[in-house]
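Before any comments, here is the structure.
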Amino acid sequence: MTLDLLDRRLLFVTGKGGVGKSTVAAGLALLASERGKRTLVCEVDAKGGLGGFFEVPRTGFDPTEVTPRLFAMTMDTEASLKEYLSLQLKLPLVARVGPLARTFDFVANAAPGVKEILTVGKLAWEVVEEHYDLVVVDSVASGHIVGQLAAPKGINELVSVGLVRNQTAWMLDVLEDPARTGVVVVAAPEEMPVNETIELAGRLRAETEVDLAAVVVNRVLPELFGRGEEELFEALRTPERAATLAEAVAGDVAPILDAAELAVTLRRTRAGHLQTLRAALTDVDMLYLPEIFARSAGLRFTRQVAEALDEELS
Amino acid sequence: MARAPRGDAGDIRTLQQLLSAKEIVISCGSGGVGKTTTAAALGAMAAAHLGGKVLVLTVDPARRLANALGLERFGNTETRVEASAFTEAGVEPRGELWAAMLDTKQSWDDLVVRHAPDDATREAILANSIYANISGRFVQSHDYIAMERLHEIHTSGRYDLIVVDTPPTRNAIDFLDAPERMAEFFSSRLLRWLTAPAKNRVLSMASKPFYRVADNILGSQFLEDIAEFFGLFQTMAPGFVERSAAVTATLSDRRTTFLVVSTLEAAPVHEAEFFIEALEERRLHLGAVVLNKVLPSYLRRTAATGVARRLVAQADELAATVGDDLEAPPERVADVLRDVGESFLNYQVIASREQEQRTELARTPDVVATVPYFESDIADLAGLLRLGDALWR
Chain A
1 MTLDLLDRRL LFVTGKGGVG KSTVAAGLAL LASERGKRTL VCEVDAKGGL GGFFEVPRTG
61 FDPTEVTPRL FAMTMDTEAS LKEYLSLQLK LPLVARVGPL ARTFDFVANA APGVKEILTV
121 GKLAWEVVEE HYDLVVVDSV ASGHIVGQLA APKGINELVS VGLVRNQTAW MLDVLEDPAR
181 TGVVVVAAPE EMPVNETIEL AGRLRAETEV DLAAVVVNRV LPELFGRGEE ELFEALRTPE
241 RAATLAEAVA GDVAPILDAA ELAVTLRRTR AGHLQTLRAA LTDVDMLYLP EIFARSAGLR
301 FTRQVAEALD EELS
Chain B
1 MARAPRGDAG DIRTLQQLLS AKEIVISCGS GGVGKTTTAA ALGAMAAAHL GGKVLVLTVD
61 PARRLANALG LERFGNTETR VEASAFTEAG VEPRGELWAA MLDTKQSWDD LVVRHAPDDA
121 TREAILANSI YANISGRFVQ SHDYIAMERL HEIHTSGRYD LIVVDTPPTR NAIDFLDAPE
181 RMAEFFSSRL LRWLTAPAKN RVLSMASKPF YRVADNILGS QFLEDIAEFF GLFQTMAPGF
241 VERSAAVTAT LSDRRTTFLV VSTLEAAPVH EAEFFIEALE ERRLHLGAVV LNKVLPSYLR
301 RTAATGVARR LVAQADELAA TVGDDLEAPP ERVADVLRDV GESFLNYQVI ASREQEQRTE
361 LARTPDVVAT VPYFESDIAD LAGLLRLGDA LWR
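Residue numbers (the UniProt record's numbering), protein chains in the order written: chain A, 1 to 314; chain B, 1 to 393.
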């Protein structure tokens, strides 16, 4: 695969809830940092789960180095506004923005796209300032990502003059440059995630100018049996042979045989959905991540994900 | 009304009892855990076995529910699922099943039509570009409108039971607070300022640094546009505030209950716990936790672990014993035995991880329903009823 995924500067990782969006974002970021890139990973949905992937406490708006060259942060639009005001406007009232936070909240909710701009703007700014080689965003779920990515364009159209317009112009430069910015959609080989991925790919192209860099299919199950082995397995499942086996192994083999059948069925169902996805998105780079049978989602697990991604990307 | 008698709150141990005691059931949880399907399955079961008129109200933009219910398409209008669809699925329904999907834009327009003081204001709002943005593009508006529509349908008295699938929110809490936030917004200082005559605004701008900042950031033209929009919108404020209060009351009514749906993976469980706490804080009723896509319990048997390990370790000897009458070389039989053993041990890792998550979630509610991993996806009413059956008792 000749994918230049990690050579971009800003990757938005999205996907339907539950498919492993954060896992992929953490894995991509860890891989990039291990390849020598100074990397920032930012969670946008403030659920506080990002730290768990690196076994550090909850991350905040100020990035912390979680492993060598890898920095993690959590987006906070209010902090982003404060930072923006002090950096861009040189306004001496940063301290006084605090009490106005509630009011700000109303502005953010009322004026369409303000929160989205503060999020996307902060991340694009890190790219422009070259603080990092790569910024990986554990972004909002697929239902919201188009709204977030389209916000600068939307605001740009709504606002004809003023600071906001100038601000959105440089953001759009970053976002709409496929050499710098890309969206990574994470899918699981199940019916709904596959449908949603196909739909999202269409919407990204129709409603934004942001490049769809890759689709990562998570939790691909290994083929349990090789050619001809499934017939052998069926033969071993007959009551007589199962009984012989149980006797030989001195224990109940029924749960083990049932589990193998479950694994085969799950694999087969998922393969069908994978086929649908591939057929619908022939022109998008696709990466496959195997189901990782790990005990928990700590740093060891994140490393396994990074290794699997490394194989797919080399 | 042909509904089962209401159970005493203390007696509720199954979803069947819960559904026969409540009028509104709100299905929540993080994305991808099966909220929509759970809501549809419960609605179908209630219509089939409890009787009365049951509505499943979904906000999921993927039209999966429509397909499963055999409806071509359904929008804001409530559509009945033909009784024949039940008969075909082998069930004689006692009641009626209806379904509707939330069309956010349409619902906002309806709301404006209802609350606008006159035709001119109504038309001006509907034509305003900021209104179009808020009602169509920005996701936060789903939250309020979903609760608003639920309230509207409930007070109409058209249904005995409404099962609602909640919007895919960034944060599941948002929609609980949406009505109050809406009310708060209409009485906010910001709105008063925005809608003040321009001259006053300039005055206050000079004195209040925040407004200078707002003006700096947003530009005065945009502020003017916003001001026009909110000026128009404020004419509807009294209606909105009153309405928001009523919607909030619906959520905390004793006839309303919440279902928290989750799979047993770390992230959804984390979110489910967070949501359960949010319900408690707001004194909203948590009726049940529904655990979805749970791996079969035989995977957790400890005795099987040893057996699986022996299958892997002694594959060659075992193959010689069991495979002597098979027309295959013994090393292939041994491969199969090893694969089977290893696969079991792999799945056991996941099953025991699930068990830990389950213990966490099962602490709070009276009812915990478990749904096994269905081997195929649900595509029709029969599938929904099969799922419902697994949930019901």
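Each residue gets a CB set at the ideal place from its N, CA and C atoms; glycine is no exception.
Along the chain, where does the alpha helix (DSSP H) containing residue 256(A) start, and where does it finish? 254-280
From the DSSP output, read off the bridge partner residues of residue 27(B). 165(B), 259(B)
In chain order, which continuous runs of the alpha helix (DSSP H) of length 4 or greater are located wholly inside the region 189-242 of chain A? 191-207, 229-237
Proximal residues of chain B, C-beta to C-beta of residue 175(A) below 7 Å: Correct list: empty, because the minimum Cβ distance to chain B is about 17 Å.
Put residue 245(B) into one of helix, strand or coil per three-state DSSP. helix
Top-ranked residue by Cα proximity to residue 197(A), from 58(A), 290(A), 276(A), 116(A): 276(A)
Identify the continuous beta strand (DSSP E) that holds residue 293(A) and give its terminal residues. Careful: residue 293(A) lies outside any beta strand (DSSP E) and carries neither H nor E.
Which of helix, strand or coil does DSSP assign to residue 288(B)? strand
Under the three-state reduction of DSSP, which class applies to residue 372(B): helix, strand or coil? strand
Those runs of the alpha helix (DSSP H) which lie wholly inside the UniProt domain "ArsA/GET3 Anion-transporting ATPase-like" (9-160) of chain A and span at least 4 residues: 21-34, 50-54, 77-84, 94-97, 101-110, 114-128, 142-158
Compute the beta-carbon to beta-carbon distance between residue 353(B) and residue 314(A), rounded to the nearest angstrom, for a pair I have assumed lies under 8 Å. With 8 Å as the limit, residue 353(B) and residue 314(A) do not qualify as a contact, their Cβ atoms being about 30 Å apart.
Of all the beta strand (DSSP E) runs that stay within the bounds of the region 325-390 of chain B, which reach a length of 3 or more residues? 367-372
Against chain A, with Cβ distances strictly below 8 Å, would residue 270(B) count as a contact? yes
How big is the Cα-Cα spacing for residue 216(A) and residue 227(A)? 27 Å
Where the region 203-237 of chain A meets chain B: residues whose CB sits under 8 Å from a CB there: 224, 225, 226, 228, 229, 232, 233, 235, 236
Does any residue of chain B bring its CB to less than 8 Å from the CB of residue 22(A)? yes
Tell whether a beta-carbon distance below 8 Å holds between residue 152(A) and residue 301(B). no
Whole angstroms is fine: what's the gap from residue 245(A)'s alpha carbon to residue 337(B)'s? 10 Å
Compare the Cα-Cα distances from residue 30(A) to each of 140(A), 66(A), 247(A), 210(A) and report the closest residue. 66(A)
Beta-ladder partner(s) of residue 101(B), from DSSP: 58(B)
Inter-residue spacing [alpha-carbon to alpha-carbon] between residue 122(A) and residue 204(A): 21 Å
Is the CB of residue 24(B) under 8 Å away from at least one CB in chain A? no
State buried or exposed for residue 156(B), treating a residue as buried only when at least 16 other CB atoms are found within 10 Å of its CB. exposed
Chain B partners of residue 244(A), CB-CB under 8 Å? 321, 322
What do you get for residue 232(B), buried or exposed, if any count of 16 or more other CB atoms within 10 angstroms of its CB means buried? buried
Chain E contact for residue 263(B) (CB, 8 Å cutoff): In the structure shown, chain E cannot be found, because the protein chains are A and B.
Below 8 Å on the Cβ atoms is my guess for residue 334(B) versus residue 315(B); work out the distance and round it to an integer in Å. 4 Å
Buried or exposed for residue 113(B), please, with buried defined as at least 16 other CB atoms from any protein chain shown within 10 angstroms of its CB. exposed
With the cut-off set at 8 Å, would you say residue 267(B) and residue 357(B) are in Cβ contact? no
Just checking, does the region 20-35 of chain A make contact with the region 289-308 of chain A on the three C-beta pairs under 8 Å criterion? yes
Bounding residues of the alpha helix (DSSP H) (the contiguous stretch that carries residue 310(B)): 302-313
Return the CA-CA distance between residue 139(B) and residue 144(A), expressed in angstroms with no decimal places. Because the pLDDT at residue 139(B) is just 49, under 50, the model does not fix this residue reliably, and the value given afterwards should be weighed accordingly. About 7 Å.
Rounding to the nearest angstrom, what Cα-Cα distance links residue 19(B) and residue 382(B) in this structure? 20 Å
For residue 290(B) and chain A, any beta-carbon pair shorter than 8 Å? no
Any idea if residue 325(B) is buried or exposed, counting beta-carbon neighbours within 10 angstroms, 16 or more meaning buried? exposed
According to DSSP, what are the bridge partners of residue 288(A)? 217(A)
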